[in-house]
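Numbering-wise, the sequence shown is residues 992 to 1185 according to the numbering used here. For each residue, glycine too, the CB sits at the ideal point set by N, CA and C.
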Amino acid sequence: MTKIIGLTGGIGSGKTTIANYFKSKGIPVYIADDEAKNILQTKEVQLEIRTVFGNTVFSDDKVDKNKLAEFVFSNPEKLKILNSIIHPKVKNHFDNWVEKQQNFPFVIKEAAILFESGSYKLCDKIITIVVPLDERIQRVIHRDTTSYENVMRRINNQWTDEQRMSKSDYIIYNSDLEIAKKQANSILKILKNQ
Ligand code: ATP
992 MTKIIGLTGG IGSGKTTIAN YFKSKGIPVY IADDEAKNIL QTKEVQLEIR
1042 TVFGNTVFSD DKVDKNKLAE FVFSNPEKLK ILNSIIHPKV KNHFDNWVEK
1092 QQNFPFVIKE AAILFESGSY KLCDKIITIV VPLDERIQRV IHRDTTSYEN
1142 VMRRINNQWT DEQRMSKSDY IIYNSDLEIA KKQANSILKI LKNQ
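In structure tokens, the structure reads:
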């Protein structure tokens, strides 16, 4: 049976960067955030979002991700509702995707909120990417041309590195990408031998 390896880390830790590295090594990689974004724009979900959040989170008849994020991050109850709409659908989509990867001994599921969503419980092993907080903040401010306050608000809605590390099997330290890739290779070697 194909094993599920969870890949997570704080905002700006390099999840996408490392996920792409695993992909370049021929490992099937599922990017949960990308699929959640696609699911958000399906007609069925748009209808639910409009019912719960109203027209203010729509732009040009599409769910406006930034407006929605703005809305839910200042309202924990609404964040819970949003999660209850999206998470089961992503899980379903992921399960169908895994079914199609049965020729592979393992796949990687990259998810920013692997722990917060509870989906870590369905992983066989978990890899967490760790980078000091100040470096992550600077990377995201630079990448998204956003403010310090915006990044902090997202960080405050997520688990800390310490919490993530305490529930992980492997850690990748990604202050230096070349070192991180070497660590990723070592983890791949272990996974392939299991
Ligand atoms: P998010 O949580 O916001 O989705 P992420 O964890 O997927 O972010 P990436 O988008 O992969 O993180 O990386 C964040 C930024 O940091 C990107 O601009 C990326 O190019 C850069 N980056 C990734 N790894 C390193 C590194 N080792 N050194 C310097 N910059 C890096």
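Boundaries of the alpha helix (DSSP H) around Phe1044: Lys1034 to Phe1044.
At least one heavy atom of ligand 1 lies closer than 7 Å to the C-beta of Thr1008. Taking Thr1119 as the centre and dropping the five residues before and after it, the same chain places the C-beta of Thr999, Gly1000, Arg1155, Met1156, Ser1159 and Ile1162 closer than 7 Å to its C-beta, in chain order. Going by beta carbons, Val1081 and Ala1027 fall inside the 8 Å limit. For Glu1107, no alpha helix (DSSP H) encloses it, and the DSSP letter there is neither H nor E. If you draw a straight line from the Cα of Tyr1012 to the Cα of Tyr1021, it comes to about 13 Å. Thr1007 carries a helical assignment under DSSP once its states are collapsed to helix, strand and coil. Here Thr999 carries a strand assignment [DSSP, helix/strand/coil].
Under the DSSP assignment, Tyr1139 falls in the alpha helix (DSSP H) whose first and last residues are Tyr1139 to Asn1147.
With contacts defined as CB atoms closer than 8 Å, Ile1076 and Glu1039 qualify as a contacting pair. Taking 8 Å as the cut-off, the beta carbon of Val1089 is found no closer than this to the beta carbon of Ile1002.
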